[in-house]
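Q: Take this structure, written in structure tokens, and hold onto it; I'll ask about it next.
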Amino acid sequence: MTGKLKEPRIVVEPPGPRAREVIEKDRMYLMQSFARWYPLVVDRAEDYVVYDVDGNAYIDLNAGIAVLNVGSTNPAVVEAAASQLRRFTHYSLTDFYYEVAVRLAEKLVGIAPVEKPAKVFFTNSGAESIEAALKASRYSTGRQYIVAFLGAFHGRTMGALSLTASKPVQRLGFSPLLPSVVHVPYPYPYRCPFAAEEPGECGEMALGFVEEWVLGKLVDPSEVAAFVFEPIQGEGGYIVPPDNFLPGLEKLARRHGILLVADEVQTGFCRTGRRFAVEHWGVKPDIVALAKAIAGGLPLGAVVGSDKAMTIRPGGHATTFGGNPVSSAAAIAAIDYMERERLCDRAARLGEKTLKRLKEAMDETSMIGDVRGKGLMIGVELVKSRETKEPASRELAEVLMRLFKRGYLVIGAGVSTIRISPPLTIDEEALMNAVEAIIEEVKRLERERD
9 MTGKLKEPRI VVEPPGPRAR EVIEKDRMYL MQSFARWYPL VVDRAEDYVV YDVDGNAYID
69 LNAGIAVLNV GSTNPAVVEA AASQLRRFTH YSLTDFYYEV AVRLAEKLVG IAPVEKPAKV
129 FFTNSGAESI EAALKASRYS TGRQYIVAFL GAFHGRTMGA LSLTASKPVQ RLGFSPLLPS
189 VVHVPYPYPY RCPFAAEEPG ECGEMALGFV EEWVLGKLVD PSEVAAFVFE PIQGEGGYIV
249 PPDNFLPGLE KLARRHGILL VADEVQTGFC RTGRRFAVEH WGVKPDIVAL AKAIAGGLPL
309 GAVVGSDKAM TIRPGGHATT FGGNPVSSAA AIAAIDYMER ERLCDRAARL GEKTLKRLKE
369 AMDETSMIGD VRGKGLMIGV ELVKSRETKE PASRELAEVL MRLFKRGYLV IGAGVSTIRI
429 SPPLTIDEEA LMNAVEAIIE EVKRLERERD
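Here it is, written out as structure tokens:
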């Protein structure tokens, strides 16, 4: 761990003059389909510190949306990528062979929580991984229906978007989407869609809904190819399911010959304190979709599935850039670094400490309605009132902007949840200083509101 800055260093109020120039050109030349939280213009980054074009140094608590688990410009990743760049940059895996992709596939099969033997299909992103998982599920089972969950985010390409259900704006104007996709409620303990008071009861009712109302009245189980789920919902609000839910979903899938597809794009690679989040519940999916942290910041995705699930015929699915040799080399280095530095253990330890402090803060401010998470995937849900649980969405935006002005890069999730997902390499003191800054800004806003 570099242990450099413990606190941010702001020398020019952001956005500074150079940042404003870049933002203006962005508006001129890029399609404005992105919803950005604040005007950060990145110049360079090292580990958990991000520098903008005006010389400000920020403490990173979002890791490029849970991508930079091994930190920015990790030396091992940079060296592996540079070495491969000098050998060759591309030669399509669709039509030819190269060793670095095979080595990475072997490594992924070894660590993925799926039944062995298993196979890998490489992609460029999380959305592409979901697309490939959808095709593999339908092809291997001969079934068409997919059951997904409300609140889930699986990507924005048309197939993945058909499963996504975290915010209406993400689907607005893009219908018709894929047919034969059924969405069901996800057991969100703090806001249980079944009004259950206990998490376990919420989990049982969610499972009962799938079995009794969906499989019992809407779709015959023999037509369902897969249950597709995030072990912890990400964009939907960092929602951790009750402990009985995923094991129960696995039993239901096995009973009916339905494949279990885990979207570990955001939760994978030590983010939650385990290699993969399903390991918290002892669940073994048929297929896992991967991306984000897999290659230390380079674009790469993968689908890892049991042999029985990965049966698409030659010519049935392919990609020009998936398994790019530079990204593959970076991924091997990133995974080796995670293992060598025991980042899963570190994420678990720092996450436990962070959760403890944030839960203590619930006695200091009533704007914090719920604190939840595993490892360094932590959500702090803001509410206007604990009695009504009305989401404090405007307050969330204000808190995040104030933190940005102070030099902390924190973003939101769901309707009103602060998302804490720093590089797993973050200095412990820097992390706890950031947590205190979050608490301070929530308390300050509450005082101003009152």
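Oh and the sequence shown: position 190 is 198 in this note's numbering, straight run, nothing missing. Beta carbons are placed, not taken as given, at the ideal position from N, Cα and C, and that holds for glycine. The model shown is predicted, which means the values in this text are computed figures rather than measured ones.
May I ask which residues mark the beginning and end of the alpha helix (DSSP H) holding Tyr153?
A: In the sequence shown, the residue the question calls residue 153 occupies position 145. First-last for Tyr153: Tyr153 to Phe157, but that is the beta strand (DSSP E), not the alpha helix (DSSP H).
Q: Can you list, in chain order, the residues of its chain whose CB lies under 7 Å from that of Gly11, leaving out five sequence neighbours each side?
A: For the purposes of this step, residue 11 is taken as residue 3 along the sequence shown, with counting starting at 1. At Gly11, the pLDDT of 48 sits below 50, so the modelled position is not reliable and the matter cannot be decided from this model.
Q: Return the CA-CA distance between Ile419 and Pro47, expressed in angstroms with no decimal places.
A: In the sequence shown, the residue the question calls residue 419 occupies position 411. In the sequence shown, the residue the question calls residue 47 occupies position 39. Approximately 12 Å between the Cα atoms of the pair.
Q: Could you give the distance in angstroms between the alpha-carbon of Ala301 and the alpha-carbon of Thr433?
A: In the sequence shown, the residue the question calls residue 301 occupies position 293. In the sequence shown, the residue the question calls residue 433 occupies position 425. Cα to Cα, the separation comes out at about 13 Å.
Q: Are Gly422 and Lys397 closer than 7 Å when you measure CB to CB?
A: One-based indexing of the sequence shown puts residue 422 at position 414. One-based indexing of the sequence shown puts residue 397 at position 389. In this structure, Lys397 does not lie closer than 7 Å to Gly422 by Cβ.
Q: According to DSSP, Met385 sits in a beta bridge with which residue or residues?
A: Within the sequence shown, the letter at position 377 stands for residue 385. In DSSP, Met385 forms a bridge with Lys382.
Q: Could you give the DSSP three-state label for Gly256: helix, strand or coil?
A: Residue mapping note: residue 256 aligns to position 248 of the sequence shown, counting from 1. It is helical.
Q: Is the region 287-302 close to the region 260-276, with three or more CB pairs under 8 Å?
A: The answer is yes - the region 260-276 touches the region 287-302, with three or more Cβ pairs under 8 Å.
Q: Does the distance from the C-beta atom of Ile119 to that of Arg283 stay below 7 Å?
A: Taking the sequence shown and counting its residues from 1, the one referred to as residue 119 is at position 111. Taking the sequence shown and counting its residues from 1, the one referred to as residue 283 is at position 275. In this structure, Arg283 lies closer than 7 Å to Ile119 by Cβ.
Q: Cα-Cα, which of Ile73, Ala53 and Ala74 is closest to Ala65?
A: Taking the first residue of the sequence shown as position 1, residue 65 is located at position 57. Among Ile73, Ala53 and Ala74, the Cα nearest to that of Ala65 is on Ala53.
Q: Across the region 408-418 and the region 442-453, are there enough close Cβ pairs to call them in contact, namely three or more that are closer than 8 Å?
A: Yes, since at least three Cβ pairs between the region 408-418 and the region 442-453 fall closer than 8 Å, the two stretches touch.
Q: Under the rule that 16 or more other beta-carbon atoms within 10 Å means buried, what is Asp251, buried or exposed?
A: The residue labelled residue 251 in the question sits at position 243 within the sequence shown. Exposed, since its Cβ has fewer than 16 Cβ neighbours within 10 Å.
Q: With Pro255 and Trp289 assumed to form a contact (beta carbons below 8 Å), what rounded beta-carbon distance in angstroms separates them?
A: If you number the sequence shown from 1, residue 255 lands on position 247. If you number the sequence shown from 1, residue 289 lands on position 281. Going by Cβ atoms, the distance from Pro255 to Trp289 rounds to 6 Å, so yes, they are a contact pair.
Q: Leaving out the 5 sequence neighbours to the left and right, which residues in its chain are closer than 7 Å to Met9 when beta-carbon positions are compared?
A: In the sequence shown, residue 9 corresponds to position 1, counting from 1. The predicted model places Met9 with a pLDDT of 41, which falls under 50 and marks its position as unreliable, so this point remains unresolved.
Q: If you check the beta carbons only, do Val61 and Ala27 fall under 7 Å apart?
A: Within the sequence shown, the letter at position 53 stands for residue 61. Within the sequence shown, the letter at position 19 stands for residue 27. Going by C-beta atoms, Val61 is nearer than 7 Å to Ala27.
Q: Looking at the unbroken alpha helix (DSSP H) that takes in Tyr345, where does it start and where does it end?
A: Counted from its first residue, the sequence shown places residue 345 at position 337. Tyr345 -> alpha helix (DSSP H) spans Pro333 to Arg348.
Q: Less than 6 Å between C-beta atoms, sequence neighbours within five positions excluded: which residues of the same chain meet that for Tyr345?
A: As a position in the sequence shown, residue 345 is number 337, starting the count at 1. Once the five neighbours on either side are set aside, the close Cβ partners of Tyr345 are Val78 and Ala84.
Q: By how many angstroms is the C-alpha of Phe277 removed from the C-alpha of Arg350?
A: Translated into positions along the sequence shown, residue 350 becomes position 342. Translated into positions along the sequence shown, residue 277 becomes position 269. In a straight line, the C-alpha of Arg350 is about 11 Å away from that of Phe277.
Q: Please determine if the region 322-341 and the region 303-314 are in contact, where contact requires at least 3 C-beta pairs separated by less than 8 Å.
A: Verdict: yes, contact present.
Q: For Leu358, which residues in the same chain have their Cβ closer than 7 Å to its Cβ, ignoring the five residues on either side in sequence?
A: Along the sequence shown, read from residue 1 onward, the residue named residue 358 stands at position 350. Cβ within range, chain order: Leu384, Glu436 and Leu439.
Q: Count the other CB atoms within 10 Å of the CB of Thr172; is the residue buried (16 or more) or exposed (fewer)?
A: Numbered from 1 along the sequence shown, position 164 holds the residue referred to as residue 172. When all chains shown are included, Thr172 counts as buried.
Q: Less than 7 Å between C-beta atoms, sequence neighbours within five positions excluded: which residues of the same chain meet that for Gly134?
A: Here residue 134 is taken as the residue at index 126 of the sequence shown, counted from 1. These residues qualify, in order along the chain: Gly163, Val273, Ala297, Ala299, Lys300 and Gly309.
Q: Report the CB separation of Leu390 from Ile426 in whole angstroms; it is logged as a contact under 8 Å.
A: The residue you call residue 390 lines up with position 382 of the sequence shown. The residue you call residue 426 lines up with position 418 of the sequence shown. Their Cβ separation, rounded to whole angstroms, is 7 Å, which keeps Leu390 and Ile426 in contact under 8 Å.
Q: Would Lys127 pass as a contact of Met318 if the rule is Cβ separation under 7 Å?
A: Numbered from 1 along the sequence shown, position 119 holds the residue referred to as residue 127. Numbered from 1 along the sequence shown, position 310 holds the residue referred to as residue 318. Yes, the pair counts as a contact, with Cβ atoms nearer than the cut-off.
Q: Look up Gln241 in the DSSP assignment and say whether it is helix, strand or coil.
A: In the sequence shown, counting from the first residue as 1, residue 241 sits at position 233. Gln241 falls in the strand class under three-state DSSP.
Q: Compare the Cα-Cα distances from Val291 to each of Val122, Ile138, Arg354 and Ala326 and report the closest residue.
A: Numbered from its first residue, the sequence shown carries residue 291 at position 283. Selected option, being the one with the closest Cα: Val122.
Q: Evaluate Asp315 with the Cβ neighbour count: other Cβ atoms within 10 Å of its Cβ, from every protein chain shown; 16 or more gives buried, anything less gives exposed.
A: Residue mapping note: residue 315 aligns to position 307 of the sequence shown, counting from 1. Per the 10 Å Cβ criterion, exposed.
Q: Reducing DSSP to helix, strand and coil, say where Val173 ends up.
A: The residue labelled residue 173 in the question sits at position 165 within the sequence shown. In the sequence as displayed, the identity of residue 173 is Ala instead of Val. Three-state result, Ala173: coil.
Q: So what does Val296 bridge to, in DSSP terms?
A: The sequence position of residue 296 within the sequence shown is 288, counting from 1. According to DSSP, which records beta bridges pairwise, Val296 is partnered with Ala270 and Val312.
Q: Going by beta-carbon coordinates alone, are Val227 and Tyr147 separated by less than 7 Å?
A: In the sequence shown, counting from the first residue as 1, residue 227 sits at position 219. In the sequence shown, counting from the first residue as 1, residue 147 sits at position 139. No, they are not a contact pair.
Q: I need the boundaries of the beta strand (DSSP E) containing Val57, first residue and last residue.
A: Position 49 of the sequence shown, counted from the first residue, corresponds to residue 57. That run of the beta strand (DSSP E) goes Val57 to Asp60.
Q: Just the Cα atoms here: how many angstroms apart are Val19 and Ser170?
A: Translated into positions along the sequence shown, residue 19 becomes position 11. Translated into positions along the sequence shown, residue 170 becomes position 162. Cα to Cα, Val19 sits roughly 45 Å from Ser170.
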